[in-house]
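Quick notes on the structure that follows.
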Amino acid sequence: MTTKIVADESGGRASRLYRQGNEWFCSTSLKSDIAIEVEGTLFHLHKFPLISKCGKIARIIKGLQDARDDVHTLLNGCPAGSDGFLIAARFCYENKVMFKPENILLVYLVADFLEMTEEYSEDNLLMQAESFIHKVILRSWNDCISALQNSQNCILEAENLAIVQKCLNAVSQMACLDPSLVRKPTMYGSLQSPGGSILWNGINTGARINSSLSDWWFEDISFLSLPMFKKYIETINMRGIRSLNLSGALMFYAMKHMPGLDRWQNRQGASRVGSLSIDSAAVDQKILIESIVELLPENKGKSYCRFLLGLLRHAMILGVDWSCRESLERKIGMQLELVTLDWLFIPNFSDSDHLYDTDCIERIIQNFLSFHSLKITPFSASSSYPVIPRSSTILDKATKLIDDYLAEVAPDVNLKPQKMQSLLEVFPEYLRKLDDGIYRALDIYFKEHPQLQENEREKLCRVINFRKLSTDACIHASQNESLPLRAVLQVLFFEQQQLRSTLSKLNLITDNENNMTANANEIAGEFIQREGWVSVARENQYLRVDMERMQSKVRELENHFMIIKKYMGRFSRRSISR
């Protein structure tokens, strides 16, 4: 007899199986000779229809046949429980089943579990289900996604099934194709004409749907359960999909199922495939984060970095595994130069009194230094500082970010001097072009922590290289009453040295200018003879203007030197009085 594959139940004959309470019966004149219990539901059936198609039932009956004619057995492990077994029972009695994308994987799982193969009956359920999958499901994006979505109830059995892997292979291959070549649903549905234009009241508007976006499949797969989603990502990754698309799909999935992450990136749009979804509350957030982090590629980008920091916050709140947090910190550290200041203000979720989690930021900075090979570097023979294989743009951005962060966390009244010093020292001083940033942070810290002892202030000031302060910073520091006296004297000393060096250079330049003027007078005759007196007169005028500028600069520096001497005398008197 040929089995019918029907699309719905409306035109079929009345089912022989009917239900009374928690029990199922067959409407025949023959007395039931086998009772099969599946998850508390009892099926009063007949041996022959079952053993003629189900290898598993045949073996069970054979093992119990010697005991008695009427058999009562318990069937454990049936996919989808009593609902799954009912599909097989109806097939055994009515020789038909309704195949559709929503139930095809369940039908296949039940047939596989009950061993409904060609060995027991020609054109058996397992072969029909597999044929339907190959001829219909695997050729359509819609049907593949719908089939995978609806396997959620039997996900443990479906995960390792070969036919499920075929569905995953099919959708992963389609995702790598041009979206215009894939039969996929669109947000316009039936409002799209055969030519691809958008219809309004049946009228062709001429507007066409943009199908060139590479992220068209993100939302569809976001409805998959986490185990199925992981298998899909692993499958599509093996096909060599671009890491940008891979990270985009992971970001979309995480933001969909993790409340609060969506504020890191606005994304709108309705589902294109059905209305089935996973309740976010039903997804274990801790397991979700750990799974997403495990799948994340080594990407760089501002939006990606922002997502990683949002994920890190959630990981800290939920207390995920340490290796997961470490992986996130490493990925963020690799692209620290792309972070903006407000992203670094991670609240402190530990027992510490600190307002922000500064330990986390320290580790991120260490990862940045390690990634760019800036922490352990060889020393040159002529310098006490390491040779820095630096990308100036990346390093300058990171330096500014770190200095701004130090200035923002410095006002925290609970920030201890030891922790402040640790933050100041985590980024090596030799990597900075100027130390103005750490001076500014310390200035803020001293003013917000007036209770600090003089020795604590001096210890913190040792982090600053006063030779690398700008002129404005030196002037501010020399008048800063929050700094310890030793630090102020250092500023004045180095500023005096710098002034003397500048003055000597200017005197040398002035002598050179005078020599150049004398030489110019000696050859003036030759220039007048060959080029004319006009060009020589113009050159003399330029030299005279330069000389006047130099003299003005010298007078300005002399005045500044007198001011410094005045301040040094004042601080010397203050030191003697103490």
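The opening residue of the sequence shown carries number 1 in the UniProt record's numbering; numbering runs sequentially from there. Every residue, glycine too, gets a C-beta built ideally from N, C-alpha and C. As the structure is a computational prediction, the values presented were derived from the model and not from experiment.
For residue i, is the classification buried or exposed, using 16 other Cβ atoms within 10 angstroms of its Cβ as the cut-off for buried?
i: residue 313; result: buried
i: residue 109; result: buried
i: residue 218; result: buried
i: residue 358; result: buried
i: residue 48; result: exposed
i: residue 20; result: exposed
i: residue 437; result: buried
i: residue 493; result: exposed
i: residue 579; result: The structure shown has nothing for residue 579, since the chain only spans 1 to 578.
i: residue 79; result: buried
i: residue 491; result: buried
i: residue 162; result: exposed
i: residue 149; result: buried
i: residue 413; result: exposed
i: residue 277; result: The pLDDT assigned to residue 277 is 41, lower than 50, so where the model puts this residue is not dependable; a value taken from the coordinates is nonetheless given after this. So residue 277 ends up on the exposed side.
i: residue 50; result: buried
i: residue 235; result: buried
i: residue 238; result: exposed
i: residue 373; result: exposed
i: residue 559; result: exposed
i: residue 454; result: exposed
i: residue 566; result: exposed
i: residue 172; result: buried
i: residue 118; result: exposed
i: residue 62; result: exposed
Taking 9 angstroms as the cut-off, decide whether the C-beta atoms of residue i and residue j are in contact.
i: residue 411; j: residue 362; result: no
i: residue 85; j: residue 132; result: no
i: residue 478; j: residue 364; result: no
i: residue 344; j: residue 310; result: no
i: residue 424; j: residue 442; result: yes
i: residue 241; j: residue 232; result: no
i: residue 308; j: residue 286; result: no
i: residue 244; j: residue 299; result: yes
i: residue 164; j: residue 129; result: no
i: residue 334; j: residue 367; result: yes
i: residue 291; j: residue 226; result: yes
i: residue 486; j: residue 461; result: yes
i: residue 435; j: residue 406; result: no
i: residue 341; j: residue 408; result: yes
i: residue 439; j: residue 420; result: no
i: residue 289; j: residue 255; result: no
i: residue 224; j: residue 297; result: no
i: residue 457; j: residue 483; result: yes
i: residue 230; j: residue 295; result: yes
i: residue 53; j: residue 92; result: yes
i: residue 30; j: residue 36; result: no
i: residue 251; j: residue 303; result: yes
i: residue 141; j: residue 174; result: yes
i: residue 24; j: residue 46; result: no
i: residue 126; j: residue 167; result: no
i: residue 329; j: residue 305; result: no
i: residue 352; j: residue 228; result: no
Could you pull the DSSP bridge partners for residue i from this structure?
i: residue 347; result: 356
i: residue 252; result: Paired residue(s): none; residue 252 is not in a bridge.
i: residue 72; result: 35
Is the number of C-beta pairs between the segment 77-91 and the segment 101-118 that are closer than 8 angstroms three or more? yes
Can you check the segment 399-427 for any alpha helix (DSSP H) of at least 4 residues that lies completely inside it and give the ranges in chain order? 417-426
May I have a chain-ordered list of the beta strand (DSSP E) segments no shorter than 3 residues that lie completely inside the segment 7-56? Whole beta strand (DSSP E) segments, 3+ residues: 17-20, 23-26, 34-38 and 41-45.
Mind the definition here: the segment 391-404 touches the segment 424-436 only if three or more C-beta pairs lie below 8 angstroms; say whether that holds. yes
Would you be able to state if there are at least three C-beta pairs under 8 angstroms between the segment 73-82 and the segment 120-134? In this structure the segment 120-134 does not touch the segment 73-82; the number of beta carbon pairs closer than 8 angstroms is below three.
Under 8 angstroms: do the segment 142-151 and the segment 120-127 share three or more Cβ pairs, one atom per stretch? no
Unbroken stretches of the alpha helix (DSSP H), 4 residues or longer, contained in the segment 91-145: 104-113 and 125-135
Kindly provide the ranges of any alpha helix (DSSP H) runs that are 4 or more residues long and lie completely inside the segment 208-241, ordered along the chain. 218-221 and 226-238
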